[in-house]
Amino acid sequence: MSLAEKCYQLLLRVPKGRVTTYKELAEAVGTRAYRAVGQAMNRNPRLFEVPCHRVVCSNGEIGGYALGVEKKIELLQKEGVLVKGNRVEGMEGILYRFSSQ
DNA sequence: CGCAGTCTAGCAC
DNA sequence: GTGCTAGACTGCG
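According to numbering that gives the first Met the number 0, the first sequence holds residues 0 to 100 in order.
Rendered as structure tokens:
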């Protein structure tokens with residue numbers, strides 16, 4: 000199974016209204032290639048099966064989205080995640096850590 | 001602010 | 001088929 004596949008599975012564990020970071024995701028799958036994770040999301044073959052919009056940067060920035068950052072923000076806010084500009088408000092509070100499970 | 005590390009995909013030879 | 005470059009990132013100088 001590729002890193003991308005693992006990322007997708009872990010991403011499915013992220014509940015609505017919560018977000019995770021590329022870092023946490025990469026660490027969870029046992030790699031340091033944070034960029035590879037983002038790339039996997041960008042090339043996401045399961046864009047509508049995997050909530051890749053719940054993945055943000057460690058610094059709280061939105062990062063990017065295959066359909067556009069604005070769309071990502073819109074989806075996040077629709078799920079209850081407040082986003083200010085290109086940043087997630089209180090991301091540390093809604094940050095989902097796989098280590099918790 | 002800029003460079004290096006790690007993984008995948010695409011283009012060139 | 002192998003090698004290099006670039007990309008939704010992160011950490012250190």
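Each residue gets a CB set at the ideal place from its N, CA and C atoms; glycine is no exception.
Everything numeric in this text was worked out from a predicted model, so none of it was measured.
According to DSSP, simplified to helix, strand and coil, what is residue i?
i     : result
Val28 : coil
Arg86 : strand
If the criterion is Cβ atoms closer than 8 Å, does the pair residue i and residue j meet it?
i      : j     : result
Val18  : Val55 : yes
Arg86  : Gly62 : no
Gly16  : Gly92 : no
Tyr115 : Arg45 : The structure shown has nothing for residue 115, since the chain only spans 0 to 100.
Arg12  : Phe97 : yes
Leu81  : Glu88 : yes
Cys51  : Leu9  : no
Identify, in the order they occur along the chain, each residue of the same chain with its Cβ nearer than 7 Å to the Cβ of residue i, setting aside the five sequence neighbours on each side.
i     : result
Tyr33 : Tyr21, Lys22 and Ala25
Ala35 : Leu2
Asn43 : Val49, Cys51 and Ala65
Under the criterion of a Cβ to heavy atom distance below 7 Å, does residue i qualify as lining the ligand SAM?
i     : result
Ala25 : In terms of ligand content, the structure shown is empty, and the ligand SAM therefore cannot be addressed.
Just the Cα atoms here: how many angstroms apart are residue i and residue j?
i     : j     : result
Val49 : Glu69 : 18 Å
Ser57 : Gln38 : 16 Å
Can you give me the Cβ contacts of residue i inside the same chain, cut-off strictly under 8 Å, excluding the 5 residues immediately before and after it?
i     : result
Asn41 : Gly63 and Ala65
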